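Before any comments, here is the structure.
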Amino acid sequence: MTGKKITRIIVINDRKKLPMEKSEVISTLNDLLNTTKDGEDGFQACAEQVKNANLKSVFETAASRCREGAHELESHIRALGGNPSDSGTISGALHRAWTGLKSSITSMDDHAVLEECERSEDAAKSAYEAALKKDLPADIRTVVERQYFGVKENHDHVLDLRNSTRAA
1 MTGKKITRII VINDRKKLPM EKSEVISTLN DLLNTTKDGE DGFQACAEQV
51 KNANLKSVFE TAASRCREGA HELESHIRAL GGNPSDSGTI SGALHRAWTG
101 LKSSITSMDD HAVLEECERS EDAAKSAYEA ALKKDLPADI RTVVERQYFG
151 VKENHDHVLD LRNSTRAA
């Protein structure tokens, strides 16, 4: 061996994630807007179907929260220079979940309505979780996180109600 020393150079890519393009942020918010509109419609359909007055109130409150969330998302979309979706491009899985719910609840008892509603809220949670995996601007991330916790709260409340009606 000669007296040569081998030097290895390791290049570390220290490049941070690039922030999302404005159009991507608008698209993500429009997806969530469609999710909240579907939620509002679904909860309203549930409120109209259930016989229990307490459940009716729970569903009406959840529909109202979805409506408020939709208005908030619309204002952020407009502030970014976008046009809020008119629900013409509803995400497939969530749309199928809520459409299935609305078409099937007319013949269901309250427990079955809660089961279908919980499944639909699973899809809403997934939509928000997917959005939160993106590199959203900090102010938008704060809004999406807060709304995600609201969706999770709706889901968990419906799940608790479903479980309590099973025990009854």
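Counted the way full-length UniProt numbering counts, the sequence shown spans residues 1 to 168. Every residue, glycine too, gets a C-beta built ideally from N, C-alpha and C. None of the values given here were measured: they were computed from a predicted structure.
Thinking C-alpha only, which one of the options is nearest residue i?
i: Pro84; options: Ser126, Thr142, Val25 and Ser120; result: Val25
i: Ile140; options: Ala63, His76 and Ala53; result: His76
Below 8 Å on the Cβ atoms is my guess for residue i versus residue j; work out the distance and round it to an integer in Å.
i: Val143; j: Glu72; result: 6 Å
i: Lys55; j: Asp135; result: Rather than Lys, the amino acid found at residue 55 in this sequence is Leu. With 8 Å as the limit, Leu55 and Asp135 do not qualify as a contact, their Cβ atoms being about 39 Å apart.
If you draw a straight line from the C-alpha of residue i to the C-alpha of residue j, how long is it?
i: Leu33; j: Ala124; result: 11 Å
i: Thr36; j: Pro137; result: 20 Å
i: Met157; j: Met20; result: The question names Met, but residue 157 in the sequence shown is His. Rounded to whole angstroms, His157 to Met20 spans 33 Å at the Cα level.
i: Glu145; j: Gly42; result: 22 Å
i: Val58; j: Arg78; result: 31 Å
i: Glu48; j: Asn30; result: 27 Å
i: Ser164; j: Phe149; result: 22 Å
i: Glu116; j: Asp122; result: 10 Å
i: Arg67; j: Thr61; result: 10 Å
Would you mind sorting residue i into buried or exposed? The rule is 16 or more other CB atoms within 10 Å of its CB.
i: Gly39; result: buried
i: Gly81; result: exposed
i: Ser120; result: buried
i: Arg162; result: buried
i: Glu118; result: buried
i: Ala63; result: buried
i: Gly88; result: Summary for Gly88: the model assigns pLDDT 43, below 50, so the residue's position carries little reliability, and this model does not support an answer.
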